[in-house]
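Asks:
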Amino acid sequence: MVSLLTLLACRSNTEPQGQGASGGDEQPRRADRQEEQIAAPVRDDGTIFADAEMMGTRVSINLWIGGGDAVKATKAINDAMFEMARIESIASEWRADTDLSRLNAHAGEGPQKVAPELVEILARAREVSADTGGLFDVSFYGVGQLWSFKPGAQPPGREAIAERLPLVDWRGIELDAAGRRGRLARSGMKLGLGAIAKGYAVDRASALLRARDFPHHIVEGGGDTYVSGTKGGASWMVGIQDPDSSGGGTVGALPVRS
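If you're matching positions, the sequence shown starts at 188 in the numbering used here and goes up one per residue.
#1: Is residue 239 close to chain D, meaning its C-beta is less than 8 Å from at least one C-beta of that chain?
#2: By the 10 Å Cβ neighbour count, where 16 or more other Cβ atoms means buried, how is residue 209 classified, buried or exposed?
#3: Report the rounded CA-to-CA distance for residue 335 versus residue 357, giving the unit in angstroms.
#4: Residue range of the alpha helix (DSSP H) that residue 352 falls in?
#5: In this structure, how does DSSP classify residue 238 when only helix, strand and coil are distinguished?
#6: Use the C-beta contact count for residue 369: other C-beta atoms within 10 angstroms, 16 or more gives buried, fewer gives exposed.
#7: Short check: CB of residue 242 to CB of residue 275, under 8 Å?
#8: What are the start and end residues of the alpha helix (DSSP H) that includes residue 308?
#9: Taking DSSP as the reference, what is the three-state secondary structure of residue 296?
#10: Is residue 248 close to the ligand SAH? I mean its beta-carbon at under 7 Å from any heavy atom of the ligand.
#11: How is the beta strand (DSSP E) around residue 419 delimited, first residue to last?
#12: Go ahead and pull the three-state DSSP assignment for residue 280.
#13: Please name the residue, chosen from 249, 231, 300 and 441, that lies closest to residue 365 on a Cα-to-Cα basis.
#14: I need the straight-line Cα distance from residue 317 to residue 311, nearest angstrom please.
#15: Roughly how many angstroms lie between the CA atoms of residue 437 and residue 411, to the nearest whole one?
#16: Can you give the Cα-Cα distance for residue 378 and residue 327, rounded to whole angstroms?
#17: Kindly identify the DSSP beta-bridge partner or partners of residue 343.
#18: Using only the alpha-carbon positions, how far apart do residue 269 and residue 444 sit?
#19: Below 8 Å between beta carbons: does that hold for residue 246 and residue 238?
#20: Using the C-alpha atoms, what's the distance from residue 296 back to residue 374?
#21: Out of curiosity, what's the CA-to-CA distance linking residue 347 and residue 360?
#22: The alpha helix (DSSP H) that contains residue 329, what's its start and end?
#23: Can you check DSSP and say which residues form a bridge with residue 406?
#24: Where does residue 364 fall in DSSP's three states?
#25: Taking residue 230 as the reference, which of 322, 419 and 430 has the closest Cα?
#26: Nearest by alpha-carbon distance to residue 402: which of 260, 225, 272 and 433 is it?
#27: Rounded to whole angstroms, what is the Cα-Cα separation between residue 423 and residue 282?
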């Protein structure tokens, strides 16, 4: 497995490429031109594989190039990885410097300037909430924070849950797409995007690869998977992880193509 050196350098070399709303917050950085000319090794099956840790999980790209240009493919993969890291820098509730964390911190106050990508994610989240009658609701995080998954942690009591339940209401997410602003209607509301932001980032990465004329790939982020095209005419194989295996074993595999 190959982790691209260009991705590892993306926070240290040149000016930020994606602009969040907060201006001074650190954004992911691209590698310099010399590093972008590196061609990752092409495996025997005609693919280039890259993976990295981000969004609280491991993300990977497996791209079939056949006899194509490995340098261009490497740069496309690097840029797709960068794009996912950029979305994380906007939409993570686990980092204090993101637009989402700033929106959470100012719940109940005036509208906050946010990145257009966050507006898009939240608009889609509201649509899914409306379609499911609120069964999907990213404002769960106001209550969800009460749970700890550390060893020995105890679940919250009924009173603590009941106190925060009124904060869970997707209809309190107010958006101004034209003005790129968002607002949470009630003080104490908090949004968690783990159920949607990873998939959005994966979709963005796949769209970038297709726009660069690399339509045959898999982009995967912690189970959120986008399969595009084929692997040299053959189906991609998507493994189903065995939850009881500590060594990454699988219980089966699905042939997938698009």
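Ideal Cβ placement from N, Cα and C applies to all residues, glycine included.
Replies: Inspection of the coordinates gives the following:
#1: No chain D is present in this structure, which holds just one protein chain.
#2: The residue labelled residue 209 in the question sits at position 22 within the sequence shown. Annotation note: pLDDT 43 at residue 209 (below 50); position unreliable, coordinate value reported separately. Answer is buried; the Cβ neighbour count reaches 16.
#3: For the purposes of this step, residue 335 is identified with residue 148 of the sequence shown, where counting begins at 1. For the purposes of this step, residue 357 is identified with residue 170 of the sequence shown, where counting begins at 1. In a straight line, the C-alpha of residue 335 is about 23 Å away from that of residue 357.
#4: The count along the sequence shown starts at 1 and reaches residue 352 at position 165. From DSSP, residue 352 is part of no alpha helix (DSSP H); its letter is neither H nor E.
#5: Counting from 1 along the sequence shown, the entry for residue 238 is found at position 51. Here residue 238 sits in strand by DSSP.
#6: Here residue 369 corresponds to residue number 182 of the sequence shown, with the count starting at 1. Buried.
#7: What you label residue 242 is simply residue 55 of the sequence shown in a count that begins at 1. What you label residue 275 is simply residue 88 of the sequence shown in a count that begins at 1. In this structure, residue 275 lies closer than 8 Å to residue 242 by Cβ.
#8: Indexing the sequence shown from 1 puts residue 308 at position 121. Per DSSP, residue 308 belongs to the alpha helix (DSSP H) from 303 to 318.
#9: For the purposes of this step, residue 296 is identified with residue 109 of the sequence shown, where counting begins at 1. In the structure shown, residue 296 sits in coil (DSSP, three-state: anything other than H, G, I, E or B).
#10: Among the ligands in the structure shown, none appear at all, so the ligand SAH cannot be discussed.
#11: In the sequence shown, counting from the first residue as 1, residue 419 sits at position 232. Element bounds for residue 419: n/a, residue is neither H nor E.
#12: Counting from one through the sequence shown, the residue named residue 280 turns up at place 93. Residue state, collapsed to three classes: coil.
#13: For the purposes of this step, residue 365 is taken as the residue at position 178 of the sequence shown. The candidate whose alpha carbon is nearest that of residue 365 is 300.
#14: Numbered from its first residue, the sequence shown carries residue 317 at position 130. Numbered from its first residue, the sequence shown carries residue 311 at position 124. Approximately 10 Å, taken between the alpha carbons.
#15: Within the sequence shown, the letter at position 250 stands for residue 437. Within the sequence shown, the letter at position 224 stands for residue 411. Each residue's Cα considered, the two are about 17 Å apart.
#16: Taking the sequence shown and counting its residues from 1, one reaches residue 378 at position 191. Taking the sequence shown and counting its residues from 1, one reaches residue 327 at position 140. Rounded to whole angstroms, residue 378 to residue 327 spans 7 Å at the Cα level.
#17: Translated into the one-based positions of the sequence shown, residue 343 becomes position 156. Paired residue(s): none; residue 343 is not in a bridge.
#18: Within the sequence shown, numbered from 1, the residue matching residue 269 stands at position 82. Within the sequence shown, numbered from 1, the residue matching residue 444 stands at position 257. Straight-line Cα distance between these residues: approximately 25 Å.
#19: Locating residue 246 in the sequence shown gives position 59, counting from the first residue. Locating residue 238 in the sequence shown gives position 51, counting from the first residue. Contact: yes.
#20: Here residue 374 refers to the residue found at position 187 when the sequence shown is read from its first residue. Here residue 296 refers to the residue found at position 109 when the sequence shown is read from its first residue. Near 7 Å, if we compare the C-alpha coordinates of residue 296 and residue 374.
#21: Indexing the sequence shown from 1 puts residue 347 at position 160. Indexing the sequence shown from 1 puts residue 360 at position 173. Distance between the alpha carbons of residue 347 and residue 360: 23 Å.
#22: Start at 1 with the first residue of the sequence shown, and residue 329 comes out as number 142. Looking at the DSSP string, the run of the alpha helix (DSSP H) that includes residue 329 is 328 to 331.
#23: Looking up residue 406 in the sequence shown gives position 219. Partner(s): 248 and 413.
#24: Numbered from 1 along the sequence shown, position 177 holds the residue referred to as residue 364. If DSSP states are grouped into helix, strand and coil, residue 364 belongs with coil.
#25: One-based indexing of the sequence shown puts residue 230 at position 43. Among 322, 419 and 430, the Cα nearest to that of residue 230 is on 419.
#26: For the purposes of this step, residue 402 is taken as the residue at position 215 of the sequence shown. The residue with the shortest Cα to Cα distance from residue 402 is 260.
#27: By one-based count along the sequence shown, residue 423 stands at place 236. By one-based count along the sequence shown, residue 282 stands at place 95. Straight-line Cα distance between these residues: approximately 34 Å.
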